[in-house]
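Participant: The following block contains the structure, expressed as structure tokens.
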Ligand SMILES: Nc1ncnc2c1ncn2[C@@H]1O[C@H](COP(=O)(O)OP(=O)(O)OP(=O)(O)O)[C@@H](O)[C@H]1O
Ligand SMILES: Nc1ncnc2c1ncn2[C@@H]1O[C@H](COP(=O)(O)OP(=O)(O)OP(=O)(O)O)[C@@H](O)[C@H]1O
Ligand SMILES: [Mg+2]
Ligand SMILES: [Mg+2]
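Chains as they are written, first to last, in this note's numbering: chain E, 1 to 322; chain D, 1001 to 1290; chain G, 2001 to 2523; chain S, 3001 to 3352.
If you want it as structure tokens, here you go:
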């Protein structure tokens, strides 16, 4: 029998496969591996952000600052590379450290001042976007040879598709996320915290320390996503990634994680992100929707998949009960 | 020939943008082209995804209205590799011009300069200006401001006394104008308003009227875009000037793609700057555009 | 007899007793020593200058009424609450645990009151949380599963450790919590009411375990409200009353009545179970009728009638379906076959509100999840059911609420500084009383109680049984599921015995006795 | 002593009020004339009035949001509902000759319909509130744009103008509307058991169901109410600029509303809500916005300043901060008479 706890994730997988199948059936261009590898590359930054968000949501919190963090890290990187002539690797290192530090600071405020995560990270969202404006109002290109060189790292697949550096980085970060979530003590503490934070404390989970680590980890992942986004576009833009926090939350939730915390898997988040990407791709392939119908379609499809997933879970449970 | 064209639009954040979309769609329909439209909802990543999807579908040409000027090199290279011509619409990109066929666009900086020149002429180079900026960080806001500032820099007695962002919206323009009027103690110290788009100007006009300030009499109003409502305001004597941002870019763009298919050389910049409109023609223009 | 009680109450005398006990013990260095510990919450002095010592290999009962400060003492000891003043020595060295995890590392393993596990994690994950074994720096779930099975076997549980914890009943969860406490190498084991809702078999298993740990030299603190258990397993007794330490006594040297007097602060001679007449005198008018009611994979169809003034007990082993019967009867879980009627109103498909309006009431087993609304005040919690049945548009005036609540606080001796305190801050037993009071003020025709006296002290226990009997004399019907057979036998007119989710038998009138029930279960 | 007790008991209430007063005072010291209020044309005039005027849409939205948050939900779609109701108002005013009150009723009805949709997704389909309302947040703007065909629809109506910018008894009419709505809500919450039920459902649904509260219906109504409040706000915002801007009306307003509810001391995990303090929270946010606009700060500083001040307010209001401060003082006190205290414990430990 299927383990009940894996049901949502299996349902998500099924939904993804059905969608992909629909695309292949409906559009010729969809059958090329290029579409799949584009999905991996184009949604990499969203998925990376969402992996960090998964930890936060598993612990029963939320992180609204990720979108702004992406923009801030990109602008910071661009500044370091073009204004100080620093090597991109150093710049990336510094940017990641800054991301982790800001995440940890939010964690400290949440843990020690006991202020709700939603609000602290909302302030973080304003702050990081504001800091990005302060560094640079304009969009600037990052055309260091090191960065452009990354585009040449490419593993071709049969067909026109291929794994880009960005896609591979995302997959590595995904594997790392899965390991942290399921195979480390910290990961289990995250689940415990989300399941029942009061009990977790009584069971000896170091609540405050874990909270700080969670937001630092989310800071790391969103900073990483900022780096990837900067590489992806080869530029930095203070208005980049507006609203990505909501997309990331949606990806996490579509992936079967409960916003109340304690239940969910990192791999589900990957599927959730891919489903969001596929919605976008299908709409583009169709190409006949105008602006407002696009919005309706994005919302409607989101709803459809959530209901479909719920339906599958319900149906399987009922079947296995009978 | 019946072409399949992909069009990656920024979004539908303003009336002007919607007009542009409609104009291009109508033009495609007139010519019998199959237009694949994609609304990116203000997100660059969505535009990149859209262009990649167009490439995967093997369209004959791509129109791209870039949300921001940087970050297109990679995807433009991919289009070039797939031998699909890309035409930039309504603003340029900071990439090697060889990567795209042409751009059909006006120049934001020039629009700002034109507004400033008109104002300088109107006030004899002596004016305290309040400025309503567009969304913080957007290229239209940055360039219009740069163009405007460059011109008034030549006039020592023209200064911007207050400048805030009204986010390109009517409500934003109104709220910010209200606070300007409060902070400056009414219209005494303000001679003109420069708004980065018409919608903010229209909001600001409402704010002026409610504060008992007469637009055009107490404060000159100049803005950019030339949306229908601003002509009505001009006809009613509530706005002084607007600079047109031409939304009808479909024709030249499609022509460029056709030309390139025929192997003809295409200019790298097909300028589409609009003229400055004044109240004298406002009523007629309003009737035309309504 | 009463002289003795009086003597014991004299402070001087008490400390004399205490000192002799301490003198006897001071030969060896105590394992745990608590000195002058105090702790107050806003408006409550929960602990006042409490001192005690525990030796290696000693099982100490920590007793006191609801709200006496037992749980608070344990939480201060393990660093969950910071203390106001006082010292704690473990093995002769001063310790100051900063949180529960720290206490664990210092060697104090604790099962707190209520089940404090993570409902959304699997049994295995709960058991190994914070103690996972690793290979190459990563948790090895293979090893964890083996370890989990070992631990479960220790408490005599044979369940699937991979299933989510909250799919198991409270009793099983309680056992899992105990198993978890055994997983660490500890010097001290603290058990706060671990036996509430356990059956005699499990309790026996637990006691065997405690005896073994004792022989290994552990010190054990054991909180309970069951005096039988105190006398069968503990070596010594510390009594708390109103946050003060009344004294520490050798179990063998303290009579039950003295113990009760120490706890309650007055002598209670009539606590002994009065003989109960198992027949009802009034004419039989049917209240609740379950007609072939059942649900697939939940409960086998069964019939059950309860008449006005009748008390029907539900007995059975852990997981036998007692709770399921209660839920179906109440209607919080809808049956997929059969008919439920209450005083001629069919309730098979109707809403809970309707059921309550026609006189149904239900005290659930899981107080934390299904009973209290922790953030709301005692007053709001108590009037919630009555208000819900009236509907939102006809509010009970504050004055009336206060009157009702005040009356109940008096009647059930609920210990709270005022009625506007959030119920989450009350002691466990007092929360239970509030939930009971919630239903009593609706004047139900039929009240369903699932483990009603869980965590309630003897004084209140006695009081509640009196109230139950009184209510029945006034014509209320009662369905009581309980793992305490003694209690059932004390007041039930009839006992339904459950086994493997179906009704095996029904004992009437004079057939009702502990032995008879046990025999039926065993057969 | 008694006064101290009062302070202690009302800490939670006083903290947001204090923050508001502080922000107003600081702004006043930076911006001259900020506090001045004059009579102009028979109505009050001044920056403080502007704050009230501007705060009304957010206040209405926050009111609905507070109720939803009380049920342990959240409503991200309010911005979109604002756009929809504004669009309905504008299009009906322009394209029909229906009386204004019919138009307004239609707009309010649309808002409630949107709320009903959210409510059904949350309470019937059991979709998590943040995602359920995210769907309408995305799709709702599409609906609004469909109604206005992507253009700003400008309209003219005396009644709507008055709602947007008219005055009554020296105060803006829309402020009266908001006050009326707030008073009504507070009254219903206090004088009926609705407030209790909402808080009970938010704090523990399972227990609430078991005592017979019809949690589903209650949660559903909370979203409908939130939809109604958003629609009112949408009408006011459209009336304000005499046009319906489907793309931008109420954009990101949901965040301000949630912020206000939380500044008032509510928890997003459900339970206690504080309606009047929520309004104080709204005023804090609006004062901040107005202060930034009048301050003459370059635009790129807006967000950093806003974030910093919000963080400061949160930190000051945190009960933990208060506890640390009071701990600090009691420690000081203790240190002052430490000699006796130390002697005592010393004796105690020697005795056994
Ligand atoms: N977190 C808290 N906040 C405020 N008061 C509390 C808190 N915890 C306990 N109290 C109060 O401290 C007193 C002692 O409570 P405690 O839980 O220690 O009692 P107990 O002896 O364990 O009772 P029971 O047998 O019912 O479990 C009670 O009056 C209770 O109301
Ligand atoms: N698979 C399950 N999923 C969800 N809940 C379950 C499941 N199995 C049992 N439960 C719940 O656990 C509770 C206890 O079930 P159990 O069969 O152990 O009842 P019981 O005989 O009353 O035992 P107890 O002595 O613990 O009261 C019931 O409320 C039941 O609904
Ligand atoms: Mg206790
Ligand atoms: Mg049970």
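Don't be surprised by glycine CBs; every beta carbon is placed ideally from N, CA and C.
How far does the alpha helix (DSSP H) with residue 2472/G in it reach, from first residue to last?
Facilitator: Looking at the DSSP string, the run of the alpha helix (DSSP H) that includes residue 2472/G is 2458–2473.
Participant: Count the other C-beta atoms from every protein chain shown that fall within 10 angstroms of the C-beta of residue 3223/S, then say buried if there are 16 or more, exposed otherwise.
Facilitator: By the 10 Å Cβ count, residue 3223/S comes out buried.
Participant: With a threshold of 8 angstroms between beta carbons, is residue 299/E in contact with chain S?
Facilitator: Interface residue, yes.
Participant: Measuring CB to CB, does residue 1318/D end up less than 8 angstroms from residue 1129/D?
Facilitator: Because chain D is modelled from 1001 through 1290, residue 1318/D falls outside the range shown and cannot be assessed.
Participant: Determine the direct distance from the alpha carbon of residue 3206/S to that of residue 181/E, and round the result to whole angstroms.
Facilitator: Rounded to the nearest angstrom, the two C-alpha atoms are 29 angstroms apart.
Participant: Got a sec: is the Cβ-Cβ distance from residue 3225/S to anything in chain G below 8 angstroms?
Facilitator: False, the Cβ-Cβ gap to chain G never drops below 8 angstroms.
Participant: With respect to the alpha helix (DSSP H) encompassing residue 3140/S, which residues constitute its N-terminal and C-terminal limits?
Facilitator: Looking at the DSSP string, the run of the alpha helix (DSSP H) that includes residue 3140/S is 3129–3148.
Participant: Residues in the same chain with beta-carbon distance under 7 angstroms from residue 1031/D, minus the five sequence neighbours each way, listed in chain order, please.
Facilitator: For residue 1031/D, where only same-chain residues beyond five positions count, the Cβ hits under 7 angstroms are 1254.
Participant: Are residue 3264/S and residue 3072/S closer than 8 angstroms when you measure CB to CB?
Facilitator: No. Outside cutoff.
Participant: Looking at the structure shown, is residue 2098/G part of a helix, part of a strand, or coil, going by DSSP?
Facilitator: Coil, per DSSP.
Participant: Can you list the residues of chain S that residue 123/E reaches, using a CB-CB cut of under 8 angstroms?
Facilitator: Going along chain S in sequence order, the residues near residue 123/E (Cβ under 8 angstroms) are 3307, 3310, 3311 and 3314.
Participant: Apart from the five residues on each side of it in sequence, which residues of its chain come closer than 6 angstroms, Cβ to Cβ, to residue 2311/G?
Facilitator: If we look at residue 2311/G and ignore the five residues flanking it on each side, its Cβ neighbours are 2472, 2478, 2491, 2492 and 2493.
Participant: Give me the Cα-Cα distance between residue 1258/D and residue 1059/D, rounded to the nearest whole angstrom.
Facilitator: So the alpha carbons of these two residues sit roughly 13 angstroms apart.
Participant: Taking beta-carbon pairs under 9 angstroms, can you tell me which members of the segment 2328–2342 of chain G lie near chain S?
Facilitator: Residues 2330 and 2332.
Participant: Ligand 1 heavy atoms versus the CB of residue 2457/G: any closer than 7 angstroms?
Facilitator: Within the cutoff, so yes.
Participant: Reducing DSSP to helix, strand and coil, say where residue 42/E ends up.
Facilitator: In this structure, residue 42/E counts as helix in the three-state DSSP scheme.
Participant: Spatial neighbours of residue 2101/G within its chain, please: CB distance less than 8 angstroms, with the 5 preceding and 5 following residues excluded, ordered by chain position.
Facilitator: Excluding residues within five positions, the ones whose Cβ falls inside 8 angstroms are 2130.
Participant: Could you pull the start and end residues of the alpha helix (DSSP H) that residue 3079/S belongs to?
Facilitator: That run of the alpha helix (DSSP H) goes 3078–3095.
Participant: Does the distance between the C-beta of residue 2057/G and the nearest non-hydrogen atom of ligand 1 fall short of 7 angstroms?
Facilitator: For ligand 1, not one heavy atom lies less than 7 angstroms from the Cβ of residue 2057/G.
Participant: Residues bridged to residue 327/E by DSSP?
Facilitator: One cannot answer for residue 327/E here, as it falls past the ends of chain E, which runs 1 to 322.
Participant: From residue 177/E to residue 51/E, what distance separates their C-alpha atoms?
Facilitator: Using only the alpha carbons, I get a separation of about 7 angstroms.
Participant: Based on Cα-Cα distance, which residue from 2121/G, 2122/G and 2090/G lies nearest to residue 2108/G?
Facilitator: It is 2090/G whose Cα lies nearest to the Cα of residue 2108/G.
Participant: Quick check on DSSP: helix, strand or coil for residue 3155/S?
Facilitator: The answer is coil: DSSP assigns residue 3155/S none of H, G, I, E or B.
Participant: Along chain G, in chain order, which residues have C-beta atoms closer than 7 angstroms to that of residue 3213/S?
Facilitator: Near residue 3213/S (Cβ distances below 7 angstroms), the residues of chain G are 2388.
Participant: Within 8 angstroms (strictly less), CB to CB, does residue 1126/D reach chain S?
Facilitator: Output row for residue 1126/D: interface = no.
Participant: Compare the C-beta of residue 3013/S against all C-beta atoms of chain G and say whether one is closer than 8 angstroms.
Facilitator: Not one chain G Cβ lies under 8 angstroms of residue 3013/S.
Participant: Grouping DSSP H, G and I as helix and E and B as strand, with all else coil, what is residue 88/E?
Facilitator: It is helical.
Participant: What does the Cβ neighbour count give for residue 323/E, buried or exposed, with the cut at 16 atoms within 10 Å?
Facilitator: In this structure chain E extends from 1 to 322, so residue 323/E is not present and cannot be described.
Participant: Using the rule of at least 16 other Cβ atoms within 10 Å of the residue's Cβ for burial, across every protein chain shown, is residue 3039/S buried or exposed?
Facilitator: Answer is exposed; the Cβ neighbour count stays below 16.
Participant: Who are the near neighbours of residue 2231/G in its chain, counting only those whose CB is closer than 7 angstroms to its CB and skipping five residues on each side?
Facilitator: Within the same chain, residue 2231/G has close Cβ partners 2251.
Participant: Within the segment 2339–2413 of chain G, note down every full alpha helix (DSSP H) run reaching 4 residues or more, in order along the chain.
Facilitator: Segments of the alpha helix (DSSP H) lying fully in the segment 2339–2413 of chain G: 2352–2357, 2378–2390 and 2398–2411.
Participant: Does the distance between the C-beta of residue 2113/G and the nearest non-hydrogen atom of ligand 3 fall short of 7 angstroms?
Facilitator: Yes, since a heavy atom of ligand 3 falls inside the 7 angstroms radius drawn around the Cβ of residue 2113/G.
Participant: What residues of chain E sit near residue 1046/D, judged by a beta carbon separation below 7 angstroms?
Facilitator: 280, listed in chain order.
Participant: Classify residue 118/E as helix, strand or coil using the three-state DSSP reduction.
Facilitator: DSSP places residue 118/E in helix when its eight states are reduced to three.
Participant: Give a yes or no on whether the minimum CB-CB distance between residue 3259/S and chain E is below 8 angstroms.
Facilitator: Yes, residue 3259/S counts as interfacial toward chain E.
Participant: Can you tell me which of the three DSSP states residue 1127/D falls into?
Facilitator: If DSSP states are grouped into helix, strand and coil, residue 1127/D belongs with the strands.
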